[in-house]
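According to my numbering, the first sequence is numbered sequentially starting from 1. Okay, structure first, notes after.
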Amino acid sequence: MTQFRLIKKLESGVRVGELETPHGIIPTPFFMPVGTVGSVKGMLPNELKSVGANIILSNTYHLYLRPGEQMIKSLGGLHDFMRWNGPILTDSGGYQVFSLGSGHNSRGKNKINGDKSLVKITEDGVEFKSHLDGSKHFFTPEKVIQIQLDLGVDILMPLDVCPSGKASYNEIKHATELTIRWAERAKRYFESRIKNQESRIMHESQNGKPMINDSKFTIRPMLHGIVQGGMDEGLRRDCAKKLIEMDFDGYSVGGLAVDLETRNMWQTVKLMGEILPENKQRYLMGVGTPDDIIQAARLGMDMFDCVLPTRLARHGSVYVQKRTKNNWTKDEERYALVNLLNSGFREDPDVIDSDCSCPVCRAPMESNSRGEIGRSSDRAEADNGGFSRAYIAHLLRSNEISGIRLTTIHNLYVYLSLVKELRQT
RNA sequence: GCUGGGAUAGCGAAGUGGUCAAACGCAUCUGACUGUAAAUCAGACGGCUCACGCCUUCGUAGGUUCGAGUCCUACUCCCAGCA
């Protein structure tokens, strides 16, 4: 039984489908806003919905460290905890193994541990030091599944080893092989836990208790296998083959959103699109820019997440469509980044993107005395959007929370309307 | 009016004889950001130069000294206390 249904494959190569999760059926391809610590920074659940999000991503590593998965479980699971009733996917912490590991902290200083690596990988799992307080912890493939099941998420990622894009062949090979062995352990543990859960539900319903119709109880969460292997075709093929044999619910393509100076990832994405099972969803982890997502979807990827729209928004940058009327000026470069903190926007009266209909840019249209249609001048009208670049730049400079909220809403809308468009055209 | 204290780069503020074009913070400018240690980080921030480097600055004007943001004198302005 597969919970992914491929409806059709568009001429562009984009796969249109749907994914059935314990928290509802969602259309693919989709983009997941990143809410690492149980919050898409600055956004409330209803705001995410209003901008078109129907699934979000959170993080095992972070929630385990704080507030702890047991606390979240006792408070009703992650969905209830954060009051988000749509599906949630959690990353496993595999990326943190990468980003907290030695040689990879390219920016800033280690806040807790000086220059020492926070991570030590062994066959059994990964020992790491909390970035919060330096305390030691140990993740195994089983532990990471347990945490995610306790969080109650819809789509789980197994613990993997995500090597730097700059790693040597041997390092990548070792990481890939370990990822495969860990995937097998994760799968075995996951299946046994799910089986227990299912039999318990069966048992309860046969005992005269009311049958549970809630999809939360009847639709099982999904576990992905994560394909590693760097840019090496042999390793990628081998890894994919072994994971496919284990029959995961879906497949993730990892290790491509790291160390971008070495990025020639398209060949690998193309390969993945060709060899991963057609009837399972494919998740390209951590990618990417809007243009990246278009390209990847055409190569057969179904799921995306990226910190760019939210992080860039907090750093003052917004995406602007490069189109004239309905034609893109250049198909492979549809979006430009604009940093509103640049001095040129201080007095810019225009909205971020006049072709954008997000809640920030959208403004009621009216015709003036000469019959020209333009943005309503009635700024005082409630709920009318139409915030000027000058105003948003001012808010950002003043460190007003509303500034980064506006840019975040806009950028997320860009991503979410983009995938929506992908599904339709 | 008297007695103290003070005037440093856009602002605030270190610096009390050489290593000072001058710490640090803010502001400003630019860049980076792809499974979030990230409302963060990096760089620039007197002038000229790609750069080595050169030139002009620490209230104003003189002076002492090989050498002054730092010491002395006068002046201008500000602050506090006392009249």
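Built from N, CA and C at the ideal position, the CB exists for glycine as well. Keep in mind that this is a model prediction, so the values were computed, not measured.
The alpha helix (DSSP H) enclosing Q228, as first and last residue numbers:
Premise fails: Q228 is in no alpha helix (DSSP H) and is neither H nor E.
Would you please state the rounded distance, in angstroms, between the beta carbons of V51 and L412? I believe it to be under 8 Å.
Confirmed, Cβ separation roughly 5 Å.
Would L78 be called buried (16 or more neighbouring beta carbons within 10 Å of its own) or exposed?
Residue burial is scored here from C-beta neighbours: L78 has at least 16 other C-beta atoms within 10 angstroms and is therefore classed as buried.
Whole-angstrom Cβ separation of S58 and T90, contact assumed at under 8 Å?
Going by Cβ atoms, the distance from S58 to T90 rounds to 5 Å, so yes, they are a contact pair.
Cβ-based burial, N54 [other Cβ within 10 Å; buried from 16]:
Taking all protein chains shown into account, N54 has 16 or more neighbouring C-beta atoms within 10 Å of its C-beta and is therefore buried.
Helix or strand or just coil, what does DSSP make of I112?
For I112, the predicted structure reports a pLDDT of 49, less than 50, and the residue's modelled location is therefore unreliable. The matter cannot be settled from this model.
I226 and A167 - do their beta-carbons sit closer together than 8 Å?
Not closer than 8 Å, so no.
So, helix, strand or coil for V258, using DSSP?
Three-state DSSP puts V258 in coil, outside helix and strand.
Nearest residue (CA-CA) to P67, options P87, M43, P45, S39:
Measuring from the Cα of P67, the nearest candidate turns out to be S39.
For L406, which residues of its own chain have a beta-carbon under 8 Å away from its beta-carbon, when the five flanking residues on both sides are left out?
Cβ neighbours of L406 beyond the five flanking positions: V360, F387, I392, L395.
From G125 to L178, what does the alpha carbon distance come to, in whole angstroms?
L178 has its alpha-carbon roughly 9 Å from the corresponding atom of G125.
Which one or two residues does DSSP pair with E18 in a beta bridge?
According to the DSSP secondary-structure assignment, E18 is paired through a beta bridge with R5, P27.
Segments of 4+ residues assigned as alpha helix (DSSP H) that fall wholly inside the segment 118 to 143
Runs of the alpha helix (DSSP H) inside the segment 118 to 143: none found.
Residues that F304 bridges to, as DSSP identifies them
Listed as beta-bridge partners of F304 by DSSP are F31, L284.
Span separating the alpha-carbon of F248 from that of P221
Their backbone Cα atoms lie some 11 Å apart in a straight line.
Pick from R83, E11, E20, L10: whose alpha carbon is nearest that of K280?
Considering only alpha carbons, the answer is E20.
For N105, does the three-state DSSP call read helix, strand or coil?
Note that N105 scores a pLDDT of 46, beneath 50, so its modelled location is shaky and nothing firm can be said.
For V161, does the three-state DSSP call read helix, strand or coil?
Three-state DSSP puts V161 in coil, outside helix and strand.
Under DSSP, the alpha helix (DSSP H) around I409 begins and ends at which residues?
Per DSSP, I409 is one residue of the alpha helix (DSSP H) stretching across 401 to 424.
N- and C-terminal bounds of the alpha helix (DSSP H) containing T268:
T268 -> alpha helix (DSSP H) spans 266 to 275.
Using the Cβ count rule (16 or more neighbours within 10 Å means buried), how would you classify T218?
Counting Cβ neighbours within 10 Å, T218 comes out exposed, since fewer than 16 surround it.
Residues bridged to A336 by DSSP?
Beta-bridge partners of A336 (DSSP): V320.
Anticipated Cβ contact below 8 Å, I155 with P87, distance rounded:
In this structure, I155 and P87 form a Cβ contact; the two beta carbons are roughly 7 Å apart against a cut-off of 8 Å.
Could you tell me whether the Cβ atoms of C162 and F98 are closer together than 8 Å?
At a Cβ-Cβ threshold of 8 Å, C162 and F98 count as neighbours.
Rounded to the nearest angstrom, what separates G403 and L308 at their Cα positions?
Spanning the two alpha carbons is a distance of roughly 17 Å.
Within 10 Å of its beta-carbon, does S199 have 16 or more other beta-carbons around it, so buried, or fewer, so exposed?
By the neighbour-count rule (16 or more Cβ atoms within 10 Å), S199 is not buried but exposed.
Opening and closing residue of the beta strand (DSSP E) in which G77 lies
Where G77 is concerned, there is no enclosing beta strand (DSSP E), although the alpha helix (DSSP H) it sits in stretches over 77 to 82.
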